[in-house]
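In our numbering, the protein residues as written are 9 to 211.
Ideal placement from N, C-alpha and C gives every residue a C-beta, glycine not left out.
Here the structure is a predicted model, which is why all the values come from computation and not from measurement.
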């Protein structure tokens, strides 16, 4: 396994990025047969999307190479753009797709919140508990030793949670904020689209 990895790293040096040409959907196509992504290449005077599963360096272990055909870039891109314009120009097609995107964004938001928000929630609870504890000490004449012990326990837990928050992946926090931004934007778009569809045509 280690030798295969080293061979693949060595072969990576021979790969050159496409220069001077635009491949609209580069990196967005996956092979339905082998699962590898499609790379870009110029063959016989035309631009093509080619499955990486065909390449020798992806099968150093001797496994069979993919036999899926190459795809003419101009023909595929024309079909993609035709579909995009068809959807954009028809609110009845666009709206369901936006609603589906919103649903997926909500799922991602929930997933990130489940991972990140419990720390923030618990920190807020501890802040409230410290405030209530101070009130008990002042108003209810709480025993000073019990007050100190309870305060130390809360501060210890607070310090632990703050340390955990520092270790949280900043990329995930950034992704959560970005996801919320996208969600708000697309929800506003759907609201505006519904208004436009409901308004009578003055012409």
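### Query
Helix, strand or coil: how does DSSP classify residue 107 here?
helix
### Check whether residue 127 and residue 173 have beta carbons under 8 angstroms apart
yes
### Task
Report, in whole angstroms, the separation of the C-beta atoms of residue 113 and residue 187, which I expect to be a contact under 8 angstroms.
6 angstroms
### Query
Excluding the five sequence neighbours on either side, which residues of its own chain have a C-beta within less than 8 angstroms of the C-beta of residue 101, listed in chain order?
94 and 95
### Reference residue 160; option with closest CA among 143, 138 and 170
138
### Message
Going residue by residue through the segment 80-146, where are the continuous beta strand (DSSP E) segments of at least 3 residues, counting only ones entirely within it?
### Response
none
### Message
Measuring only the C-alpha atoms, how far is residue 54 from residue 88?
### Response
18 angstroms
### Query
Can you tell me whether residue 64 is buried or exposed, with buried defined as 16 or more other CB within 10 angstroms of its CB?
exposed
### Message
Closest to residue 155 by C-alpha separation, out of 145, 169 and 192, would be which residue?
### Response
145
### Query
Excluding the five sequence neighbours on either side, which residues of its own chain have a C-beta within less than 6 angstroms of the C-beta of residue 158, listed in chain order?
141
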